[in-house]
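A short write-up of the structure that comes next.
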Amino acid sequence: MSFDDLKLIAPIRKALKTQGYTVPTLIQEQAIPPLLEGRDLIGCAQTGTGKTAAFAVPILQLLAEELRNPKAPKTIKALIVTPTRELAIQIDDSFTAYGQYLGLKNTVIFGGVPQKAQTDTLTAGVDILVATPGRLLDLINQKYVSLRHVSFFVLDEADRMLDMGFINDVKKIISYLPKTRQTLLFSATMPMEITKLVNSITVNPVRVAVTPVSSTVDIVEQGVYFVGKKDKKHLLIHLLKDEAIASALVFSRTKHGANKIIKDLAGAGVQAAAIHGNKSQGARQLALNNFKAKKTRVLVATDIAARGIDVEELSHVINYDLPNIPETYVHRIGRTGRAGLGGVALSFCDTEEKPYLKDIEKLIAKKIPVIEDHPYPLMETEPADNKEAAKKAPVGKPGSVGYFRRNIKR
Ligand code: AMP
Numbered sequence: 000m001s002f003d004d005l006k007l008i009a010p011i012r013k014a015l016k017t018q019g020y021t022v023p024t025l026i027q028e029q030a031i032p033p034l035l036e037g038r039d040l041i042g043c044a045q046t047g048t049g050k051t052a053a054f055a056v057p058i059l060q061l062l063a064e065e066l067r068n069p070k071a072p073k074t075i076k077a078l079i080v081t082p083t084r085e086l087a088i089q090i091d092d093s094f095t096a097y098g099q100y101l102g103l104k105n106t107v108i109f110g111g112v113p114q115k116a117q118t119d120t121l122t123a124g125v126d127i128l129v130a131t132p133g134r135l136l137d138l139i140n141q142k143y144v145s146l147r148h149v150s151f152f153v154l155d156e157a158d159r160m161l162d163m164g165f166i167n168d169v170k171k172i173i174s175y176l177p178k179t180r181q182t183l184l185f186s187a188t189m190p191m192e193i194t195k196l197v198n199s200i201t202v203n204p205v206r207v208a209v210t211p212v213s214s215t216v217d218i219v220e221q222g223v224y225f226v227g228k229k230d231k232k233h234l235l236i237h238l239l240k241d242e243a244i245a246s247a248l249v250f251s252r253t254k255h256g257a258n259k260i261i262k263d264l265a266g267a268g269v270q271a272a273a274i275h276g277n278k279s280q281g282a283r284q285l286a287l288n289n290f291k292a293k294k295t296r297v298l299v300a301t302d303i304a305a306r307g308i309d310v311e312e313l314s315h316v317i318n319y320d321l322p323n324i325p326e327t328y329v330h331r332i333g334r335t336g337r338a339g340l341g342g343v344a345l346s347f348c349d350t351e352e353k354p355y356l357k358d359i360e361k362l363i364a365k366k367i368p369v370i371e372d373h374p375y376p377l378m379e380t381e382p383a384d385n386k387e388a389a390k391k392a393p394v395g396k397p398g399s400v401g402y403f404r405r406n407i408k409r
């Protein structure tokens with residue numbers, strides 16, 4: 000299927016071409032036609048599936064068709080609520096990119112920064128507003144935002160809203176929306192609370208589900224190094240000597256750990272930047288922009304800060320610490336392998352983390368091949384079943400780092 004088959008208007012097709020998109024992703028194929036017909040939609044999809052375009056494109060098209068007089072006063076007609084600043088910025092950037100030939104105005108609001116620039120833009124008038132829940136409610140209360148004219152409402156990453164304690168804010172926001180509207184809800188998982196919400200806010204929705212946890216797992220090449228806690232930094236420095244690692248997102252369980260990694264890398268002459276909650280919004284954005292622009296090769300992040308990091312051509316994810324929640328592993332490795340492209344995820348596992356590895360392998364229903372060929376092996380016997388997995392490593396010398404040096408098309 001091509002974008003032409005989706006009955007998109009010429010300015011949008013042109014914008015997608017500018018982005019280098021040639022064929023729609025699965026969720027775009029499934030979601031765009033019913034959305035253009037005005038249906039509500041429940042999308043079970045993670046970031047990385049192309050879901051932003053799946054909702055942004057039809058909204059832009061319907062708004063562009065509706066916008067008979069581009070000079071008429073601008074009111075917010077589409078509202079997208081998403082849990083994090085990074086995601087909000089990314090979604091707003093997507094609207095800008097896909098809508099660049101349409102003359103619609105979009106903007107983004109989020110907390111942690113002064114509100115003046117945001118309220119100035121809102122006062123000048125926007126058609127599409129992307130927001131995080133707290134700042135949105137704040138600006139509604141201050142009367143900078145009115146939701147009276149909203150005809151498209153997107154609730155993004157609904158399950159994370161729940162995890163992050165935003166669900167009551169979300170319910171409050173929904174209470175300000177007109178009853179007649181098109182509603183879209185995206186969630187990677189559907190906990191009870193979200194199912195209840197879905198039933199109360201959508202009417203006869205189309206359901207689309209793509210890239211279940213396992214398929215992200217399948218397209219990303221994975222490997223685990225058994226390594227002592229103290230040797231992790233040496234192993235990281237050793238691995239980063241390999242130029243095949245074009246860009247690496249290194250995950251640390253804690254902010255303190257992230258700072259420590261940066262320090263260790265700096266000591267070895269490896270430039271890296273950290274992104275975590277303790278950094279100011281400006282510092283985080285700068286670190287992210289430098290990483291995206293390939294000025295920084297290594298970005299060290301905590302799980303919360305990494306939410307919504309969307310970097311095309313991210314070749315490697317390195318789990319410096321294994322997460323104790325197995326789903327987090329899947330979210331982490333989903334940072335690479337975007338839109339069906341391959342990627343490599345390498346994990347460091349010390350003695351204490353072995354139970355976490357077991358939980359992860361249970362969740363993804365496969366053994367992660369063990370990479371034995373490295374200078375800092377853990378001085379104890381490894382579990383026999385992981386050795387078996389190493390033997391089954393599909394290409395190259397089983398378990399060797401070279402196995403991961405395959406030319407990934409990026
Ligand atoms: P998302 O799931 O919306 O965060 O999108 C994941 C990544 O896929 C983003 O970097 C998009 O720019 C990219 N993308 C979205 N749709 C397509 C497409 N049809 N072809 C190629 N890349 C795409």
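In terms of numbering that gives the first Met the number 0, the sequence shown opens at residue 0 and continues consecutively.
A virtual CB, placed ideally from N, CA and C, is assigned to each residue, including glycine.
Q) Any idea what DSSP makes of residue 81, helix, strand or coil? A) Under the three-state reduction of DSSP, residue 81 is assigned to coil, being neither helix nor strand.
Q. In the DSSP assignment, what are the bridge partners of residue 221?
A. Looking at the DSSP assignment, residue 221 forms a beta bridge with 344.
Q. Would you say the beta carbon of residue 350 comes nearer than 7 angstroms to a heavy atom of ligand 1?
A. Checking every heavy atom of ligand 1 against the Cβ of residue 350, none is found closer than 7 angstroms.
Q) residue 42: which of 302, 206 and 272 sits nearest, CA to CA? A) Per the Cα distances, 206.
Q: Answer yes or no: do residue 5 and residue 32 have a C-beta to C-beta separation smaller than 8 angstroms?
A: Yes, Cβ-Cβ distance for residue 5 and residue 32 is below 8 angstroms.
Q: May I have the straight-line CA-CA distance separating residue 255 from residue 360, to the nearest angstrom?
A: Cα to Cα, residue 255 sits roughly 27 angstroms from residue 360.
Q) Under the criterion of a Cβ to heavy atom distance below 7 angstroms, does residue 42 qualify as lining ligand 1? A) No, since every heavy atom of ligand 1 falls outside the 7 angstroms radius drawn around the Cβ of residue 42.
(Q) To the nearest angstrom, how far is the alpha carbon of residue 240 from that of residue 185? (A) In a straight line, the C-alpha of residue 240 is about 39 angstroms away from that of residue 185.
Q | residue 323 versus residue 30 - alpha carbon distance | A | So the two alpha carbons sit approximately 34 angstroms from each other.
Q.
Between which residues of its own chain and residue 97 is the CB-CB distance below 7 angstroms, once the five residues before and five after are set aside?
A. Counting only Cβ-Cβ distances below 7 angstroms, and skipping sequence neighbours, we find 11, 14, 15, 52, 55, 56 and 59.
Q: List the endpoints of the continuous beta strand (DSSP E) containing residue 315.
A: Counting along the chain, the beta strand (DSSP E) containing residue 315 begins and ends at 315-318.
Q. Is residue 49 closer than 8 angstroms to residue 83 when the C-beta atoms are compared?
A. Contact flag unset, no.
(Q) Within 10 Å of its beta-carbon, does residue 2 have 16 or more other beta-carbons around it, so buried, or fewer, so exposed? (A) With 16 or more Cβ atoms within 10 Å of its Cβ, residue 2 is classed as buried.
Q | Helix, strand or coil at residue 266 [DSSP, three-state] | A | The DSSP-derived three-state label of residue 266 is helix.
Q: Mind reading off the beta-carbon distance from residue 250 to residue 134? Whole number of angstroms is fine, and I expect it under 8 angstroms.
A: Rounded, the Cβ-Cβ distance is 27 angstroms, inconsistent with contact.
Q) When you compare each of 248, 348, 221 and 8 to residue 293 by their alpha carbons, which one comes out closest? A) Selection 248, 348, 221 and 8 evaluated against residue 293 yields 248 as nearest (Cα-Cα).
Q | Host beta strand (DSSP E) of residue 370 (start-end) | A | Segment: none, residue 370 is in no beta strand (DSSP E) and carries neither H nor E.
Q. On the three-state DSSP scale, how would you describe residue 404?
A. The predicted position of residue 404 is uncertain, since its pLDDT is 40 and thus under 50; a value taken from the coordinates is nonetheless stated next. In this structure, residue 404 counts as helix in the three-state DSSP scheme.
Q) Mind checking whether the beta-carbon of residue 293 lies closer than 7 angstroms to any heavy atom of ligand 1? A) Ligand 1 never approaches residue 293 closely enough for any of its heavy atoms to be under 7 angstroms from the residue's Cβ.
Q. Is the beta carbon of residue 257 less than 8 angstroms from the beta carbon of residue 275?
A. A contact, by the Cβ cut-off of 8 angstroms.
Q: Express the C-alpha separation of residue 319 and residue 328 in angstroms, rounding to a whole number.
A: For residue 328 and residue 319, the gap between their C-alpha atoms comes out near 12 angstroms.
**Q.** ligand 1 heavy atom lying under 7 angstroms from the CB of residue 333
**A.** For ligand 1, no non-hydrogen atom lies closer than 7 angstroms to the CB of residue 333.
**Q.** contact_flag[the region 141-154, the region 163-179] where n(CB pairs < 8 angstroms) is 3 or more
**A.** The answer is yes - the region 163-179 touches the region 141-154, with three or more Cβ pairs under 8 angstroms.
Q.
Assuming residue 362 and residue 342 are in contact, meaning their beta carbons sit under 8 angstroms apart, how far apart are those beta carbons, in whole angstroms?
A. The beta carbons of residue 362 and residue 342 sit about 19 angstroms from each other, so the pair does not count as a contact at 8 angstroms.
Q | Per-residue burial, residue 303 [other beta carbons within 10 Å of its own, 16 or more giving buried] | A | So residue 303 counts as exposed.
Q. When you compare only the Cα positions, how much space is there between residue 87 and residue 106?
A. Approximately 10 angstroms, taken between the alpha carbons.
**Q.** Cβ neighbour criterion (16 or more within 10 Å) applied to residue 46
**A.** Buried, since its Cβ has 16 or more Cβ neighbours within 10 Å.
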